[in-house]
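Take a look at the structure below.
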Amino acid sequence: MGHIFQQQLALPRASHSRPPRLRFVYQNQGAATHYRVHHQIEQAKLAGFDPVAAPLDARRQLYSLAGADLLYLYRLPLTSRTVPLLLAARLARIPVVFDSDDLVWDEDERRYNNLDAHYDAATIVAIVKTARRLALLMRRVDAFVFATPYLARLAEQRFHQPAYVNANAVSAAMIAAAEEACARRVRPDDGPVTIGYFCGTPRAHDEDFALVAPVLRVLLDQQPHLRLRCYGDLRIPNALAVLGPARIERRSAVRWEELLAHVAEVDITIAPLIDNPQRRAKSAVKVLEA
């Protein structure tokens, strides 16, 4: 992270007598906020910066930018809250960066994510409207930081501003939680082998999972010791559902803080994706969590 801001993005207000001060502004975006805000804050501290987290709903401190050299906006659309923030940054000569680990600004999300199959008309309108407002804000920033090179290329082509890559990474707390989960893991040598699929956003990956359902059915038919455990709100194709709870276990989605303990309970994790631009933009979060 250090090379992005120290070498490639000028910070007019930064001083040689103190570390550059970064302000991460965000709304609650679920598990991804851990990677793109809190974990990047940890990285920034290791790189010698002075970062702080500023939730968008903390209005009292939101527009006071005296203690900031760089404004870092995570997946924020252009709204009545963010417009004054952009204006305040411009008046104070503070560069503004937009960050995301998903293709959130493309109105073709309706097609990429098959929204019509999962949501009502009002919800779809709201999702597309948010994508437009994200694009409007992105036209008003100085640079981008993304989790993948693919996202960076797409943003540069559309918005004509520099885009940098800072991949998702684990935190010290995540490493400690993973080590604890692995230490508690107990699996008999002759026990069943469990394939785990973890779905966070409800129904968002029905098509992705359906892609591998035929292969999973073949494996389950050929390997009687194999089990499938699915977390979250996910449609199980009939080819698998008919096998029943003895082979297909359903569980509710778990909080991000509890996720690694559940990942440690399975033997294999899968993360299938259909091929479209939205899926190509995905980062390696599932690999990190496994």
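So the sequence shown is residues 3 to 292, counted in my numbering. From the three backbone atoms N, C-alpha and C, an ideal C-beta is built for every residue, glycine too. From a predicted model like this one, the values you see are computed outputs, not experimental measurements.
For this session: Return the residue from the list H227, R92 and I177 that minimises the CA-CA distance to D191.
Result: Counting from 1 along the sequence shown, the entry for residue 191 is found at position 189. Of the candidates H227, R92 and I177, the one whose C-alpha sits nearest the C-alpha of D191 is H227.
Exercise. Looking at the structure shown, is L55 part of a helix, part of a strand, or coil, going by DSSP?
Worked result: Start at 1 with the first residue of the sequence shown, and residue 55 comes out as number 53. Inspection of the sequence shows that residue 55 is occupied by Ala rather than by Leu. Three-state result, A55: strand.
For this session: Check whether the region 92 to 112 touches the region 135 to 154, taking contact to mean three or more Cβ pairs, one atom from each stretch, closer than 8 Å.
Result: The region 92 to 112 vs the region 135 to 154: in contact.
For this session: Determine the DSSP secondary structure at T196, reduced to helix, strand or coil.
Result: In the sequence shown, counting from the first residue as 1, residue 196 sits at position 194. DSSP, read as helix, strand or coil, puts T196 in strand.
For this session: Let me know the alpha helix (DSSP H) ranges lying completely inside the region 176 to 245, each 4 residues or longer, listed in chain order.
Result: The alpha helix (DSSP H) runs of length 4 or more contained entirely in the region 176 to 245 are, from start to end of the chain, 208 to 224 and 240 to 243.
Exercise. Taking just the CA atoms, how far does V98 sit from Y166?
Worked result: Within the sequence shown, the letter at position 164 stands for residue 166. Within the sequence shown, the letter at position 96 stands for residue 98. A direct Cα-Cα distance of roughly 13 Å separates Y166 from V98.
Exercise. What is the DSSP secondary structure of D118, counted as helix, strand or coil?
Worked result: In the sequence shown, counting from the first residue as 1, residue 118 sits at position 116. Looking at D118 - three-state DSSP - the assignment turns out to be helix.
Problem set entry | Inter-residue Cα distance where the pair is M140 and L87 | Counting from 1 along the sequence shown, the entry for residue 140 is found at position 138. Counting from 1 along the sequence shown, the entry for residue 87 is found at position 85. So the two alpha carbons sit approximately 13 Å from each other.
Exercise. Which residues bound the beta strand (DSSP E) around A145?
Worked result: Locating residue 145 in the sequence shown gives position 143, where the first residue counts as 1. That run of the beta strand (DSSP E) goes A145 to F148.
Problem set entry | Range covered by the alpha helix (DSSP H) that runs through L75 | Here residue 75 is taken as the residue at index 73 of the sequence shown, counted from 1. In the DSSP assignment, L75 falls outside any alpha helix (DSSP H) and lies within the beta strand (DSSP E) extending over L72 to Y76.
Problem set entry | Backbone secondary structure at I43 - three-state DSSP | Walking along the sequence shown from the start, residue 43 turns up at place 41. DSSP places I43 in helix when its eight states are reduced to three.
For this session: Can you give me the Cβ contacts of N30 inside the same chain, cut-off strictly under 8 Å, excluding the 5 residues immediately before and after it?
Result: The count along the sequence shown starts at 1 and reaches residue 30 at position 28. Cβ neighbours of N30 beyond the five flanking positions: P57.
Exercise. What is the DSSP secondary structure of E251, counted as helix, strand or coil?
Worked result: Indexing the sequence shown from 1 puts residue 251 at position 249. In the structure shown, E251 sits in a strand (DSSP, three-state: E or B).
Problem set entry | Helix, strand or coil at T132 [DSSP, three-state] | Mapped onto the sequence shown, residue 132 falls at position 130. Shown here, T132 sits in a helix according to DSSP, grouped into three states.
For this session: Can you grab the Cα-Cα spacing for the pair G246 / T35, in whole Å?
Result: Position 244 of the sequence shown, counted from the start, is the residue given in the question as residue 246. Position 33 of the sequence shown, counted from the start, is the residue given in the question as residue 35. Roughly 36 Å separates the two Cα atoms.
Exercise. If you draw a straight line from the C-alpha of Y121 to the C-alpha of R205, how long is it?
Worked result: Translated into the one-based positions of the sequence shown, residue 121 becomes position 119. Translated into the one-based positions of the sequence shown, residue 205 becomes position 203. A direct Cα-Cα distance of roughly 9 Å separates Y121 from R205.
For this session: Count the other C-beta atoms from every protein chain shown that fall within 10 angstroms of the C-beta of A169, then say buried if there are 16 or more, exposed otherwise.
Result: Against the sequence shown, residue 169 aligns to sequence position 167. Classification of A169: exposed, given that the 10 Å Cβ count is below 16.
For this session: Kindly indicate which three-state DSSP category R25 falls into: helix, strand or coil?
Result: Stepping through the sequence shown from its first residue, residue 25 is reached at position 23. DSSP places R25 in strand when its eight states are reduced to three.
For this session: Indicate whether R253 and D208 have their beta-carbon atoms separated by less than 9 Å.
Result: As a working note, residue 253 is residue 251 in the sequence shown. As a working note, residue 208 is residue 206 in the sequence shown. One thing to note: R253 has its Cβ no nearer than 9 Å to the Cβ of D208.
Exercise. What is the rounded straight-line gap between the Cα of V172 and the Cα of R231?
Worked result: To locate residue 172, count along the sequence shown from 1; it is residue 170. To locate residue 231, count along the sequence shown from 1; it is residue 229. So the two alpha carbons sit approximately 24 Å from each other.
Exercise. Within 10 angstroms of its Cβ, does V85 collect 16 or more other Cβ (buried), or is it exposed?
Worked result: Taking the first residue of the sequence shown as 1, we reach residue 85 at position 83. Exposed, because fewer than 16 other Cβ atoms sit within 10 Å of the Cβ of V85.
Exercise. Are there 16 or more other CB atoms within 10 angstroms of the CB of S285, so buried, or fewer, so exposed?
Worked result: Counted from its first residue, the sequence shown places residue 285 at position 283. Burial check for S285: the Cβ neighbour count within 10 Å reaches 16 or more, so the residue is buried.
For this session: Could you pull the start and end residues of the alpha helix (DSSP H) that V152 belongs to?
Result: For the purposes of this step, residue 152 is taken as the residue at position 150 of the sequence shown. A small fix is needed here, since residue 152 is Tyr in this sequence, not Val. That run of the alpha helix (DSSP H) goes P151 to F161.
Exercise. Per DSSP, which one or two residues make a beta bridge with Y166?
Worked result: Locating residue 166 in the sequence shown gives position 164, where the first residue counts as 1. For Y166, which the question treats as bridged, DSSP gives the partners V147.
For this session: For Q63, count neighbouring C-beta atoms within 10 Å of its own C-beta (all shown protein chains included) and say buried if the count is 16 or more, exposed if not.
Result: Sequence index remark: in the sequence shown, residue 63 carries index 61 (1-based). Q63 counts as exposed, since fewer than 16 other beta carbons sit within 10 angstroms of its beta carbon.
Exercise. Using DSSP with H/G/I as helix, E/B as strand and the rest coil, what is T271?
Worked result: Your numbering for residue 271 matches position 269 in the sequence shown. Reduced to three states, the DSSP call for T271 is strand.
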